[in-house]
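Participant: One structure coming up, written as structure tokens, with questions to follow.
Protein chains in written order, with the working numbering: chain A, 1 to 297; chain B, 1001 to 1297.
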């Protein structure tokens, strides 16, 4: 019996969780003294989360007929980069957040030094996971690693801009640029990973997916900023109004909540329009996008 | 006229400096707002330094007949990882050092947030530089990236252990384990990079170079800890006695200065003995090792 889209998302979520556990367990611990680092990394990696980025990778890869065993390393690498960025962003020197996924953030639990190192370790583990995946050809591995590196750099660059403009005048154009780098670049990477795993992917489809992911990347961040105001702490798993309290510029602070909701819904709709031109049947991605548009956390 | 070894080291040092500048300049800065990150990274990258790790890579690659243009990305990637580790290690939450290469350390100059992000950006830039190098075959690029990832992870793991054992009982065995991970793993990577760039490298030579680099990696760290006591701040470019002041366990604190000097000299000598079994003429590496053994900073 064919699984419904909702069930498929659960399958992907469970799969990425178990593969993340596997990759963490595979880290070689030679020497007599057991370091704390693996435990610190595991605390943040296995804390849960929507696993939205790896689900995107699995969904797109499946649309292009890629065997799921070849997708695991890419899906996990994306999530590892995402988790490293959350750990570093939560640090006192950055956004200073003490809760994440309904548990103390990494530095609250283990101290700043181990949290910085856990982020460093997770970033590099992402590159190890892909470069060591013998199921994928060398040339595809290189393409994936190149895109991962550029996307992760842009993410750090976006955070750098975001921190340097706090409480200065920010307009929508600059906010878009920050969101594009800080949020959309990794989502873009997650989507394109799914396509790049098929050696026969056309540049036309890659361009379409590029446009699609930049749309949903921006939509996702605007929606996050709206939910930061309209949702509850329990549902979010972190402090509410955290942006407002830091006087961070966001879509809702610039345009108001109602207008911001219109903006992100329009972006999702444009993204849905864009993928109608793909060379393959797009319904799994359409259904996932519609689900995202209606998310409450 | 054939250049003497000393001149060759200067050539390599100048080459890695100019290539590092080139890679930094190549970072794409799209968007209207210029982020601070590239400037923060450049401050630390271009501050100087012995460039000892990339010089090792160039030296070994030349011994195996690899064209120098193919070595640049590997040599720079190693140095980028090294510089990122210095920036993060200098942070207040870690070793809390305010001087590096005779200038304020990165966080002193730009604040902790930008320093953390600069480290993150440099680490990922290392992977971008190698994965994008079209002069190297896909399969060699994958081998280099795999080794770089494992080595950089071990380095972070070593720092994690180092921080967790401060002012506890540490013996020589644990100290060796920390040095092996924190210092020798990246030196090991630098040496093997030079060999892996030759597609015909034998596993026997790789094993020999593995042993050689683990010897000089440990020697280099013990020597550093001795110089931290016997040298001057001006020569070191950083605060003297910084380990002593932090009650960090080191070879000199455990064995005394004189005994520690014997240890590192013996390690260098063993390393020199090891490379006599290489399938190629080893004199450039021998001369470099002898130079290292006599260094004063």
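The beta-carbon is built from N, C-alpha and C at its ideal position, and this holds for glycine as well.
Pick out the complete beta strand (DSSP E) segments inside the region 1004-1072 of chain B, 3 residues or longer, and give them in chain order.
Facilitator: You should have found no qualifying run.
Participant: Using beta carbons (cut-off 7 angstroms, strictly below), is residue 153 of chain A in contact with chain B?
Facilitator: Locating residue 153 of chain A in the first chain gives position 153, counting from the first residue. Yes, contact with chain B.
Participant: Between residue 1165 of chain B and residue 229 of chain A, what straight-line distance do the alpha-carbon atoms span, to the nearest angstrom?
Facilitator: If you number the second chain from 1, residue 1165 of chain B lands on position 165. If you number the first chain from 1, residue 229 of chain A lands on position 229. Roughly 43 angstroms between the two C-alpha positions.
Participant: If you run the structure through DSSP and keep just helix, strand and coil, what is residue 1284 of chain B?
Facilitator: Against the second chain, residue 1284 of chain B aligns to sequence position 284. Of the three classes helix, strand and coil, the one that applies to residue 1284 of chain B here is helix, per DSSP.
Participant: Using the Cα positions of residue 62 of chain A and residue 144 of chain A, report the straight-line distance between them to the nearest angstrom.
Facilitator: In the first chain, counting from the first residue as 1, residue 62 of chain A sits at position 62. In the first chain, counting from the first residue as 1, residue 144 of chain A sits at position 144. Their backbone Cα atoms lie some 17 angstroms apart in a straight line.
Participant: What residues in the region 1113-1130 of chain B have a beta carbon less than 9 angstroms from any beta carbon of chain A?
Facilitator: Per Cβ criterion, the list reads 1113, 1114, 1115, 1116, 1117, 1118, 1119, 1120, 1121, 1123, 1124, 1125, 1126, 1127, 1128, 1129, 1130.
Participant: Going along chain A, which residues have a C-beta under 7 angstroms from residue 1150 of chain B?
Facilitator: Numbered from 1 along the second chain, position 150 holds the residue referred to as residue 1150 of chain B. What residue 1150 of chain B touches in chain A: 128.
Participant: Closest to residue 74 of chain A by CA distance: which of A:191, A:261, A:50 is it?
Facilitator: Within the first chain, the letter at position 74 stands for residue 74 of chain A. When only C-alpha atoms are compared, the closest one is A:191.
Participant: Does residue 1036 of chain B come within less than 7 angstroms of chain A when only Cβ atoms are used?
Facilitator: Here residue 1036 of chain B is taken as the residue at index 36 of the second chain, counted from 1. By this cut-off, residue 1036 of chain B is an interface position.
Participant: Let me see if you follow: with CB-CB separation under 7 angstroms, is residue 146 of chain A close to chain B or not?
Facilitator: Translated into positions along the first chain, residue 146 of chain A becomes position 146. Chain B contact via Cβ: present.
Participant: Once the 5 residues before and after residue 1083 of chain B are set aside, which same chain residues still bring their CB inside 7 angstroms of it?
Facilitator: Numbered from 1 along the second chain, position 83 holds the residue referred to as residue 1083 of chain B. Correct list, in chain order: 1044, 1045, 1122.
Participant: Which residues in the same chain as residue 1127 of chain B place their Cβ atom closer than 8 angstroms to its Cβ, once the five residues preceding and following it in sequence are excluded?
Facilitator: Position 127 of the second chain, counted from the start, is the residue given in the question as residue 1127 of chain B. The answer, listed in chain order, is 1077, 1145, 1148, 1149.
Participant: Taking the alpha-carbon positions, what's the residue 1279 of chain B to residue 1196 of chain B distance?
Facilitator: Position 279 of the second chain, counted from the first residue, corresponds to residue 1279 of chain B. Position 196 of the second chain, counted from the first residue, corresponds to residue 1196 of chain B. Roughly 15 angstroms separates the two Cα atoms.
Participant: Residue 1187 of chain B CB to nearest chain A CB: under 7 angstroms?
Facilitator: Position 187 of the second chain holds residue 1187 of chain B. It does not; no Cβ of chain A falls within 7 angstroms.
Participant: Are any of the Cβ atoms in chain A nearer than 7 angstroms to that of residue 1077 of chain B?
Facilitator: As a working note, residue 1077 of chain B is residue 77 in the second chain. So no, residue 1077 of chain B is outside the interface.
Participant: So which of B:1158, B:1204, B:1151 has the shortest CA-CA distance to residue 1188 of chain B?
Facilitator: Reading the second chain from its first residue, position 188 is the one you call residue 1188 of chain B. The residue with the shortest Cα to Cα distance from residue 1188 of chain B is B:1151.
Participant: Whether or not the region 264-275 of chain A and the region 208-219 of chain A are in contact is what I'm after, with contact meaning three or more pairs of Cβ atoms, one per stretch, closer than 8 angstroms; do they touch?
Facilitator: Cβ pair count under 8 angstroms is three or more, so yes.
Participant: Which residues does DSSP pair with residue 141 of chain A in a beta bridge?
Facilitator: As a first step, residue 141 of chain A is located in the first chain; it is residue number 141 there, counting from the start. Partner(s): none; residue 141 of chain A has no beta bridge.
Participant: Short check: CB of residue 300 of chain A to CB of residue 1113 of chain B, under 7 angstroms?
Facilitator: Shown here, chain A extends from 1 to 297; a query on residue 300 of chain A therefore has no answer.
Participant: Of the residues A:157, A:99, A:136, A:133, which one's Cα is nearest the Cα of residue 1117 of chain B?
Facilitator: Along the second chain, read from residue 1 onward, the residue named residue 1117 of chain B stands at position 117. Considering only alpha carbons, the answer is A:157.
Participant: Taking CB distances under 7 angstroms as the criterion, tell me whether residue 1044 of chain B reaches chain E.
Facilitator: You won't find chain E in this structure, because its protein chains are A and B.
Participant: Take residue 54 of chain A and list the residues in its own chain whose beta-carbon comes closer than 6 angstroms to its own, dropping the five residues that flank it on each side.
Facilitator: Translated into positions along the first chain, residue 54 of chain A becomes position 54. Closer than 6 angstroms at the Cβ level, and outside the excluded window around residue 54 of chain A, lie 16, 75, 78, 79.
Participant: Could you work out which residue in A:205, A:38, A:94 is closest to residue 274 of chain A when comparing CA atoms only?
Facilitator: Position 274 of the first chain, counted from the start, is the residue given in the question as residue 274 of chain A. Checked all of A:205, A:38, A:94; the closest Cα to residue 274 of chain A is A:205.
Participant: DSSP puts residue 99 of chain A in a beta bridge; with which residues?
Facilitator: Counted from its first residue, the first chain places residue 99 of chain A at position 99. DSSP output for residue 99 of chain A lists A:104 as bridge partner(s).
Participant: Kindly indicate the opening and closing residues of the alpha helix (DSSP H) around residue 127 of chain A.
Facilitator: In the first chain, counting from the first residue as 1, residue 127 of chain A sits at position 127. Element bounds for residue 127 of chain A: 112-131.
Participant: Helix, strand or coil: how does DSSP classify residue 1252 of chain B here?
Facilitator: For the purposes of this step, residue 1252 of chain B is taken as residue 252 along the second chain, with counting starting at 1. Residue 1252 of chain B falls in the helix class under three-state DSSP.
Participant: Just to check, is the beta-carbon of residue 99 of chain A closer than 6 angstroms to a non-hydrogen atom of the ligand NAD?
Facilitator: No copy of the ligand NAD occurs in the structure displayed, which carries no ligand at all.
Participant: Can you check whether the C-beta of residue 1163 of chain B is within less than 7 angstroms of a C-beta belonging to chain A?
Facilitator: To locate residue 1163 of chain B, count along the second chain from 1; it is residue 163. For residue 1163 of chain B, the answer is yes, since a Cβ of chain A falls inside 7 angstroms of its Cβ.
Participant: Please classify residue 1065 of chain B as buried or exposed, where buried requires at least 16 other C-beta atoms within 10 Å of its C-beta.
Facilitator: Position 65 of the second chain holds residue 1065 of chain B. Exposed, since its Cβ has fewer than 16 Cβ neighbours within 10 Å.
Participant: Quick check on DSSP: helix, strand or coil for residue 1136 of chain B?
Facilitator: Position 136 of the second chain, counting from 1, holds the residue named residue 1136 of chain B. Of the three classes helix, strand and coil, the one that applies to residue 1136 of chain B here is coil, per DSSP.
Participant: Rounded to whole angstroms, what's the CA-CA distance from residue 223 of chain A to residue 252 of chain A? Just pull it up for me.
Facilitator: Within the first chain, numbered from 1, the residue matching residue 223 of chain A stands at position 223. Within the first chain, numbered from 1, the residue matching residue 252 of chain A stands at position 252. Going from the Cα of residue 223 of chain A to the Cα of residue 252 of chain A covers about 9 angstroms.
Participant: So is residue 103 of chain A in contact with chain B if we call contact Cβ pairs under 7 angstroms?
Facilitator: Residue numbering aside, residue 103 of chain A sits at position 103 when the first chain is read from its first letter. Judged by the 7 angstroms Cβ criterion, residue 103 of chain A is not in contact with chain B.
Participant: For residue 247 of chain A, does the three-state DSSP call read helix, strand or coil?
Facilitator: Here residue 247 of chain A refers to the residue found at position 247 when the first chain is read from its first residue. Of the three classes helix, strand and coil, the one that applies to residue 247 of chain A here is coil, per DSSP.
Participant: Going by the beta-carbon positions, is the gap between residue 1263 of chain B and residue 1226 of chain B smaller than 7 angstroms?
Facilitator: Indexing the second chain from 1 puts residue 1263 of chain B at position 263. Indexing the second chain from 1 puts residue 1226 of chain B at position 226. No; because the gap between Cβ atoms is not below 7 angstroms, this pair is not in contact.
Participant: Taking only runs that begin and end inside the region 1165-1215 of chain B, name each unbroken alpha helix (DSSP H) of 4 or more residues, in chain order.
Facilitator: Whole alpha helix (DSSP H) segments, 4+ residues: 1172-1179, 1185-1196.
Participant: For the alpha helix (DSSP H) that contains residue 272 of chain A, what are its first and last residues?
Facilitator: Taking the first residue of the first chain as position 1, residue 272 of chain A is located at position 272. It spans 257-274 - the alpha helix (DSSP H) in which residue 272 of chain A sits, taken as one unbroken run.
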